[in-house]
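The structure appears below as structure tokens.
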Amino acid sequence: MERLHIASGSPWEGRVGYARAVRAGAHVFVSGTTGTDASGLVVAPDPYAQAVAALARIVRALEEVGARPADVVRTRIYVTDIAVQWEAVARAHAEVFADVRPASTMVEVRRLITPDALVEIEADAILGG
1 MERLHIASGS PWEGRVGYAR AVRAGAHVFV SGTTGTDASG LVVAPDPYAQ AVAALARIVR
61 ALEEVGARPA DVVRTRIYVT DIAVQWEAVA RAHAEVFADV RPASTMVEVR RLITPDALVE
121 IEADAILGG
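In my numbering, the protein residues as written are 1 to 129.
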């Protein structure tokens, strides 16, 4: 089975040794994605804007391997303060996946890779899924 690795240019990819997305056959796995720009800086101080940016990066990664949001079957969402952030992050998630309705989990974590990051999202897709 052929593996295709997609890089987004994130400063962490080479340093940590991972790909933004991997396609193996019909399966696509998008790594945890934060709302950061190409230089690794957080795009905004609020969870909604960060989630929107993270989801846009995820959609771009999916497109690079021939997938689309409709192919996503599972998402995992990590937030640093679920009581305060869950509704804003959920709204951003629904803007992309309301009609797709993948299996999803949202959990609170102590912190993410950079102190200003409030949300990180992963996605798994099956082409044609």
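Quick reminder that beta carbons are idealized off the backbone N, C-alpha and C, glycines included.
query	result
Expected contact under 8 Å - CB spacing of A26 and I113 to nearest Å	Incorrect: roughly 30 Å between the Cβ atoms, too far for contact.
T105 and R76 closer than 8 Å at C-beta	yes
Helix, strand or coil at D81 according to DSSP, with G and I counted as helix	coil
Residues near E100 by beta carbon distance below 8 Å, same chain, minus five either side	It should be noted that the sequence gives Val, not Glu, for residue 100. Contacts found: P69, A70, V72.
Candidates A19, S10, E13, A90: closest to R3 by CA position	A19
Near the ligand SAM: W86 beta-carbon under 7 Å from a heavy atom	Ligands are entirely absent from the displayed structure, and the ligand SAM is therefore not among its contents.
Where G17 falls: helix, strand or coil (DSSP)	coil
Bounding residues of the beta strand (DSSP E) (the contiguous stretch that carries R3)	3 to 6
Helix, strand or coil at D124 according to DSSP, with G and I counted as helix	strand
Bounding residues of the alpha helix (DSSP H) (the contiguous stretch that carries V30)	From DSSP, V30 is part of no alpha helix (DSSP H) but of the beta strand (DSSP E) over 27 to 34.
Through-space distance from G128 to L118, alpha-carbon basis	32 Å
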